[in-house]
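If you're matching them up, the sequences are chains A and B in order. Each residue of the first sequence is one higher than the one before, counting from 1 in my numbering. Each residue of the second sequence is one higher than the one before, counting from 190 in my numbering.
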Amino acid sequence: MRIDRWTVGLAGFFALLAAVMLFVWIPNDIETGVVEVYRRQVNIGDSMAPTVAAVALLVVSLLMGVFSFFRPLASSAAPLDQRSFSFLARIGGVIVLSLVIMTYAGPLLVAVVNLFGDVGIYRHLKDDLPYKYAGFVLGGLSMVAGVIMVVENKLSRHSLWIAAAAVLALIVIFDLPFDDILLPPNGDY
Amino acid sequence: MGILDHIWLGILAVFMADPLFSIGPMPISTTVAMVVFGFLLGVFVGATPGLGGPSTMAISLPILISIFGVEADALLPVLGFLVAVMKGATIGGAVPAILFNTPGTPDSLMTTLDGFPMTQKGQAGKALRVAHFSSVSGDTFSDFVLFTTAPFLAIIVERYLDFPEKAALIILSLAFISAVVGGNVWKGLAAAALGMFFAFIGTGLDGYPRLSMNLDALGSGLPLVSVILGILILGAIFEGLEEMWREMRETAAIANVEMSGDNKLHFSDIKKIAPFMGLSALIGTGIGALPGIGSTLAATLGYATGRKMHKGEVPFGQGTPEGVAATEAANSSVAGANLIPVLSLGIPGNVAAVFLILAMESIGGFNPGPQVFRLIPDQVNPEMVIAFGLFTAMLFANVLNWTIGGVFMRSMGFVVKVPKQLLMPVILLVTLTAIYSQQPTMFAIIVTLVFGLIGYLMRKFDISVLPFVIAFILANNLEASMRQAFAATGNDPWFLFASPISIVFIVLAILVIVFFSRGRKRDSEDKQDLNKGMVT
């Protein structure tokens with residue numbers, strides 16, 4: 001009988017995580033214990049619930065590991081393979097790059113315009129065109145078109161059109177009718 | 190104020206409050222308009238592979254909150270819209286299953302078994318009509334069970350369950366959901382334990398927000414919407430994108446078979462499918478009332494039961510209307526019954542219910558649980574009015590379903606051609622923008638992406654995400670109940686075993702785990718038998 005090594009590995013990971021929670025995170029990051037005595041009154045402390053959850057995770061992961069030894073391998077396919085990591089790296093790269101563009105495109109535009117004449121800082125201009133949309137438009141375009149590019153393995157014209165339409169639609173839905181809603185990244189400035 | 194007064198106020202709140210416009214002398218309220226819009230949108234997204242009811246509910250929620258705000262009068266338009274999306278998506282999912290052998294939702298997988306062969310025989314129109322009739326019948330039946338059961342269950346809960354019993358009931362629900370959802374009990378329980386642990390970050394009674402690693406961003410806990418949408422929506426998007434990236438999307442030509450012969454649904458057809466619909470509606474409603482068991486299992490059981498009792502000329506799996514009826518009635522009758530644990534106990538049973546709870550928590554003014562149906566002498570209980578308003582909105586959505594649903598559903602065949610690889614990246618941006626509109630900080634987006642990655646990994650390792658999400662939602666309620674139970678029993682550390690009812694709940698929780706950890710092998714053998722039967 002072949003053992004389901006992935007499930008055993010997963011059980012090991014959960015057991016390790018539970019141990020870190022129990023012996024490192026909870027003792028160092030919660031100021032009250034499992035029970036607290038205050039003026040002879042015993043109360044449940046802040047550590048109780050996370051400790052119960054971590055102990056449950058530890059026990060369940062041990063049982064998961066033990067039971068996976070007695071169960072035949074359901075499928076020989078690995079849940080993650082080299083191609084999964086390759087996909088994650090590509091999609092992660094596109095999303096992180098898009099968020100960086102989204103966050104800094106507006107301030108960068110202001111910095112460039114300031115080279116030709118002082119217009120102020122981004123924080124003061126984030127409600128004014130074209131600065132307010134700079135980050136969202138460029139970041140959103142690069143996110144949608146970039147993800148389509150990863151899946152299709154090519155940068156196509158239709159992906160740019162779809163991305164532009166999506167960004168425009170989101171501006172119409174979220175920004176134009178409401179004064180109190182901020183598009184990313186303007187709430188951070 | 191009696192129950193009937195509250196029902197009447199609920200009806201008025203739906204049809205008369207806050208009129209948006211008038212058609213002649215008849216005012217059209219915001220809630221009515223939102224139910225109509227939600228229903229039509231639900232049919233559209235249900236018919237679109239890659240979208241579906243839960244993701245639409247998730248994306249819509251922040252937009253709705255932006256439009257309607259977080260005052261109590263926003264509850265009925267928002268909840269009405271969400272339940273209408275849920276109902277519309279259920280019937281919409283049958284369209285691509287029948288016309289193109291592509292289930293729009295997982296529940297419609299069994300519909301393809303008879304629906305698509307009917308299309309190949311030129312009976313697409315009849316298959317769609319049978320699917321619609323069975324789906325709406327099952328849904329309506331389930332709603333009536335909800336309307337009659339939830340208030341009584343709530344009264345029983347209120348009368349007999351105190352803090353220790355409530356804590357034990359939450360533990361039983363979590364054990365049940367973890368055990369029955371997914372393929373491995375231990376993975377389900379691990380997901381629930383993780384969900385609980387993450388929910389405790391940044392909370393607690395002490396001045397220092399526990400487990401927050403001294404980070405201000407974690408000081409008020411992980412953002413609820415970010416965690417739930419990350420796990421449920423982004424995780425699914427990442428998994429779907431990877432599948433497409435691997436396959437590079439095979440563009441198989443869709444054979445277009447023209448309809449021929451009689452495609453109408455006659456009374457004689459209804460008589461033939463009625464026993465299958467009835468039985469499936471009972472199965473679906475029974476399954477729906479239990480937290481965690483989804484409509485996919487209901488559809489499978491409804492189909493399997495129908496196959497056993499079928500004695501017609503065309504066997505199941507070769508294009509018989511009874512097969513379509515058995516599946517659609519079963520999966521549609523889960524939706525209403527799934528709200529029984531939500532309204533009477535405050536415990537969500539499926540993903541759609543999670544979004545309803547999320548809407549209730551985000552808006553405020555309605556805390557699902559037994560107090561909703563509590564009568565206050567000489568006073569109006571506003572929560573009961575909202576509950577009956579919600580029931581009224583569901584009935585109105587059913588009326589729409591009976592009247593215009595069929596026609597609208599049959600016109601949705603074109604949306605299946607929308608390429609998923611273009612749709613999913615757009616949903617990714619829409620989800621992130623919707624989250625930012627509610628929590629305007631990039632931290633919320635980063636949390637969403639991190640939990641999206643966790644959701645993706647959970648799916649890859651065949652760990653069900655539902656126990657994680659429901660444990661995340663219920664964890665702080667559980668802790669509060671435990672603190673109160675501990676104090677109420679005079680600091681008894683064995684408070685969970687302080688009453689016979691709580692002992693029964695805890696014993697049941699243990700039995701559920703033991704039963705399902707032993708029963709999986711037999712379960713999978715049954716499923717294999719069923720699959721063999723379908724193939725032959």
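C-beta: ideal position from N, C-alpha, C; glycine also.
### Query
If you draw a straight line from the C-alpha of A/D46 to the C-alpha of B/W683, how long is it?
18 Å
### Query
Where does A/W25 fall in DSSP's three states?
helix
### Query
Is there contact here, the segment 566-579 of chain B with the segment 349-362 of chain B, by at least three beta-carbon pairs under 8 Å?
no
### Message
Please report the distance separating the alpha-carbon of A/L22 from that of A/T32.
### Response
14 Å
### Identity of the residue in B/L642, B/F686, B/N452, B/N556 nearest B/A425 by Cα
B/L642
### Task
Just list the alpha helix (DSSP H) runs in the segment 263-329 of chain B, keeping only unbroken ones of 4 residues or longer that don't cross its boundaries, in chain order.
Every alpha helix (DSSP H) of 4 residues or more that sits fully in the segment 263-329 of chain B is shown, in chain order, as 264-281, 283-289, 298-309.
### Query
Taking the alpha carbon of B/F387 as the point to measure from, which residue in B/V221, B/I420, B/V561 has its own alpha carbon closest?
B/I420
### Query
Pick from B/L547, B/M307, B/G554: whose alpha carbon is nearest that of B/E511?
Out of B/L547, B/M307, B/G554, B/M307 has the C-alpha closest to the C-alpha of B/E511.
### Query
Cα-Cα, which of A/A53, A/L17, A/A166, A/I26 is closest to B/V615?
A/A166
### Message
Which residue wins for smallest C-alpha separation from B/N666, given the options B/T220, B/L264, B/M385?
### Response
B/M385
### Message
In chain order, what are the residue ranges of uninterrupted beta strand (DSSP E) at least 3 long that sit wholly in the segment 502-540 of chain B?
### Response
none
### Message
Run through chain E and tell me which residues come within less than 9 Å of A/R83, C-beta to C-beta.
### Response
Checking the listed chains, one finds no chain E in this structure; the protein chains it contains are A and B.
### Task
Go through its chain and collect everything with a Cβ distance to B/V540's Cβ below 7 Å, but skip five positions before and after it.
P243, L421, L655
### Task
Say whether chain A places a C-beta atom closer than 8 Å to the C-beta of B/N666.
no
### Query
What does DSSP give as the partner residues of B/P216 in its beta bridges?
Answer is B/S211.
#### Entry: Check whether B/G535 and B/P557 have beta carbons under 8 Å apart
yes
### Task
Give me the Cα-Cα distance between B/L240 and A/V137, rounded to the nearest whole angstrom.
24 Å
#### Entry: Start-end ranges of the alpha helix (DSSP H) lying completely within the segment 91-174 of chain A, minimum 4 residues
Within the segment 91-174 of chain A, the complete alpha helix (DSSP H) runs of at least 4 residues are 122-125, 131-152, 157-170.
### Task
Can you give me the Cβ contacts of B/A514 inside the same chain, cut-off strictly under 6 Å, excluding the 5 residues immediately before and after it?
V319, S323, I462, F465, M466
### Query
Do you know how far the Cα of A/P50 is from the Cα of B/F389?
6 Å
### Test: B/V701 CB closer than 8 Å to a CB of chain A
no
### Task
Give, in chain order, every residue of the segment 39-50 of chain A whose Cβ lies closer than 9 Å to some Cβ of chain B.
Q41, V42, N43, I44, G45, D46, S47, M48, A49, P50
### Three-state class that DSSP yields for B/Y625 in the structure shown
helix
### Query
Could you check where the beta strand (DSSP E) with A/N43 kicks off and where it finishes?
41-44
### Message
Determine, for A/G140, whether the minimum Cβ-Cβ distance to residues of chain B falls below 8 Å.
### Response
yes
### Query
Over what stretch of residues does the beta strand (DSSP E) that includes A/V37 continue unbroken?
35-38
### Query
Between the beta-carbon of A/P184 and the beta-carbon of A/G117, is there less than 8 Å?
no
### Query
Which same chain residues, not among the five before or five after B/D351, have their C-beta less than 8 Å away from its C-beta?
A674, A677, S688
### Query
Which whole-angstrom value is the C-beta distance of B/G277 and B/G327, which I expect to be below 8 Å?
In fact, because the Cβ distance is near 15 Å, the residues do not count as touching under 8 Å.
### Contact between the segment 631-641 of chain B and the segment 519-538 of chain B (3+ Cβ pairs under 8 Å)
Taking 8 Å as the limit for Cβ pairs, the verdict is that the segment 519-538 of chain B does not touch the segment 631-641 of chain B.
#### Entry: C-beta neighbour in chain B for A/A54, strict 8 Å
yes
### Message
For a minimum of 4 consecutive residues, which ranges assigned as the alpha helix (DSSP H) are wholly contained in the segment 563-647 of chain B?
### Response
571-589, 595-599, 609-627
### Query
According to DSSP, is B/S500 helix, strand or coil?
Ser is not the amino acid found at residue 500 of chain B; the sequence shown has Lys there. Correct three-state label for B/K500: coil.
#### Entry: Host alpha helix (DSSP H) of B/E428 (start-end)
424-436
### Query
Going by Cα to Cα distance, which pick from B/F661, B/M498, B/L685 is closest to B/S670?
It is B/L685.
### Query
With distances taken from CA atoms, which of B/F270, B/G282, B/L342 is nearest B/N520?
B/G282
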